[in-house]
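Counting in the UniProt record's numbering, the sequence shown runs from 1 upward without gaps. Following: one structure in structure tokens, then a few remarks.
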Amino acid sequence: MRIRFAMEKDIPAILAMCEAVTAESRFHRYGINKEKLLVVITSMMSTQGKVCILLAERTDGNIAGLLAGYVTDFFFCDGIVAQDRLFYVRPDYRGSSAAVKLLIAFRRWAENHQANELSINMSVGIDMGRFNKLMTHMGFGCCGSNFSLALAGQHHQ
1 MRIRFAMEKD IPAILAMCEA VTAESRFHRY GINKEKLLVV ITSMMSTQGK VCILLAERTD
61 GNIAGLLAGY VTDFFFCDGI VAQDRLFYVR PDYRGSSAAV KLLIAFRRWA ENHQANELSI
121 NMSVGIDMGR FNKLMTHMGF GCCGSNFSLA LAGQHHQ
């Protein structure tokens, strides 16, 4: 399993990965706007320095997972945080080295961008116990919780 930066040729695989995480996650009720997603992905890929999309690629060329993130300053101070936007490993590759290698690569990328902190969030609601165990194993500390409430009367796809 090797970790590499996404390239333009990877856009179809990234779109497929985003469809998979949406279908598996609590966001399935919203569906996907492929045109909007494509704009976001291409924008992330063209933003030099502050954004990255890392892929976990198997020797057979299959993409096992991705970690997309960015660096930004905290809104209340001058500290820099590297934050994930999407961290996902396909179900059939969970338990492989993909997640650990993606986290290590993202940490290196963050350190190279002078980040003071690395922040990975769980908001998709997929296998939260296993995720928490991995993050603790990797040395992360829990610093909060995510909560959501579906609103009545809101129409979702």
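C-beta atoms are modelled at their ideal positions from N, C-alpha and C, and glycine is treated no differently.
Query	Result
Just to check my reading of the structure: S22 and I32 have Cβ atoms closer than 8 angstroms, yes? What is that Cβ distance to the nearest angstrom?	Inspection of the sequence shows that residue 22 is occupied by Thr rather than by Ser. Confirmed, about 5 angstroms.
Quick one, which of G139, S119, N112 has its alpha-carbon nearest S145's?	S119
What first and last residue would you give for the alpha helix (DSSP H) that runs through R58?	No alpha helix (DSSP H) holds R58; DSSP gives it neither H nor E.
In three-state terms, what does DSSP make of G69?	strand
Determine, using beta carbons only, whether M7 and A98 come nearer to each other than 8 angstroms.	no
Which same chain residues, not among the five before or five after V81, have their C-beta less than 8 angstroms away from its C-beta?	V71, T72, D73, F74, A115, N116, E117, L118, S119
Could you give the C-beta distance for L67 and D10, rounded to a whole number, given that I count them as a contact under 8 angstroms?	Not a contact, Cβ separation roughly 13 angstroms.
Name, in chain order, the residues that DSSP records as bridge partners for V39.	Answer by DSSP bridge pairing: none, since V39 is not bridged.
With I63 and M17 assumed to form a contact (beta carbons below 8 angstroms), what rounded beta-carbon distance in angstroms separates them?	6 angstroms
Could you tell me whether the Cβ atoms of F87 and C52 are closer together than 8 angstroms?	no
What number of angstroms, rounded off, separates the C-alpha of Q157 from the C-alpha of H28?	A caution first: Q157 carries a pLDDT of 49, below 50, which makes its placement in the model unreliable, though a value can still be read off. When rounded, the distance between both Cα atoms is 8 angstroms.
With a CB to CB cut of under 6 angstroms and the five nearest residues on each side skipped, what residues in its chain are close to L103?	M138
Taking the CB atoms as reference points, tell me whether Q3 and A105 lie closer together than 8 angstroms.	Looking at the sequence provided, one finds Ile at residue 3 rather than Gln. Yes.
For G69, which residues of its own chain have a beta-carbon under 7 angstroms away from its beta-carbon, when the five flanking residues on both sides are left out?	C52, A82, Q83, D84, R85, F106
Cβ atoms of G65 and V89: under 8 angstroms apart, would you say?	yes
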